[in-house]
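**Student:** What follows is a structure written as structure tokens; I'll ask about it next.
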Amino acid sequence: MVSIGGTGVMVLGALAAAVVAGLVALALRPRLGTTTAVALAGLGWSLVAIALVTLVPTRPDVGIVPAEGRSESCSWDYGGPSGGAFEVLGLDQRTLNVLLFVPAGLFLVLAVGRWWSGVLLAPVGLLALAAYSLGIELTQLQLARLDRACDVTDLVDNVLGAGIGFVVGVLLLPVLKPWRGRLTRVRT
Numbered sequence: 290m291v292s293i294g295g296t297g298v299m300v301l302g303a304l305a306a307a308v309v310a311g312l313v314a315l316a317l318r319p320r321l322g323t324t325t326a327v328a329l330a331g332l333g334w335s336l337v338a339i340a341l342v343t344l345v346p347t348r349p350d351v352g353i354v355p356a357e358g359r360s361e362s363c364s365w366d367y368g369g370p371s372g373g374a375f376e377v378l379g380l381d382q383r384t385l386n387v388l389l390f391v392p393a394g395l396f397l398v399l400a401v402g403r404w405w406s407g408v409l410l411a412p413v414g415l416l417a418l419a420a421y422s423l424g425i426e427l428t429q430l431q432l433a434r435l436d437r438a439c440d441v442t443d444l445v446d447n448v449l450g451a452g453i454g455f456v457v458g459v460l461l462l463p464v465l466k467p468w469r470g471r472l473t474r475v476r477t
């Protein structure tokens, strides 16, 4: 059986996704301008990075988790014991869950900020990010092989991170002005 997992796989996947996102940004730049192209590519990259960090097993040696050994429901113990059990760079799991969704919220606002419809698309996109987080938690619940836990604390922290990114994106809109950089059509 082939085992895939660990932070190395997550980082390698995120780097590969960043290369693809860079190429997408370069391809979109002439049509949409730099800010919007980078924001759209960054949003795609951040969604892939979130999936990698949350759905790749934390260790390559997880093996098979028996169905009877897996949890039957999500943990509703808000702020439960798992928050302090996992640390990276001195940051606990709750902080990492918040930080993980900040780029998605930021890139979302900048991606739709060039159009007037962005006033409606941005809040709908924020709800979609919350649904994405819920989908991840439900996937973790159903796929015991991942050896991950479905936890309401993760959902709240993820939505908080997306909201923080959203606010930062709104604050950056007047600075970055994604509505600039449009190609004008030349009439012949």
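Here the sequence shown stands for residues 290 to 477, where the numbers follow this note's numbering. All C-beta atoms, glycine included, are put in the ideal place defined by N, C-alpha and C. These numbers were taken from a predicted model, which means no experiment stands behind them.
In the structure shown, what three-state DSSP assignment does S364 receive?
**Tutor:** The answer is strand: DSSP assigns S364 an E or B state.
**Student:** Residues bridged to D440 by DSSP?
**Tutor:** Looking at the DSSP assignment, D440 forms a beta bridge with S364.
**Student:** For V441 and L385, I'd like the C-alpha separation in whole angstroms.
**Tutor:** 15 angstroms
**Student:** Reducing DSSP to helix, strand and coil, say where V456 ends up.
**Tutor:** Helix.
**Student:** What runs of the beta strand (DSSP E), each 3 residues or longer, lie entirely inside the segment 299-348?
**Tutor:** none
**Student:** Assess contact between the segment 330-339 and the segment 384-403, defined as three or more Cβ pairs (one per stretch) separated by less than 8 angstroms. Is contact present?
**Tutor:** The way I'd put it, the segment 330-339 does touch the segment 384-403; three or more beta-carbon pairs between them come closer than 8 angstroms.
**Student:** Please classify Q431: is it buried, with 16 or more other beta-carbons within 10 angstroms of its beta-carbon, or exposed?
**Tutor:** Here Q431 is exposed: its Cβ has fewer than 16 other Cβ atoms, across all protein chains shown, within 10 Å.
**Student:** If we ignore side chains and look at the alpha-carbon of each, how far apart do K466 and V308 end up?
**Tutor:** 25 angstroms
**Student:** Spatial neighbours of Q429 within its chain, please: CB distance less than 8 angstroms, with the 5 preceding and 5 following residues excluded, ordered by chain position.
**Tutor:** T343, L344, L435, R437, A438 and C439
**Student:** Starting from S422 and walking both ways along the alpha helix (DSSP H), at which residues does that stretch end?
**Tutor:** G407 to Q431
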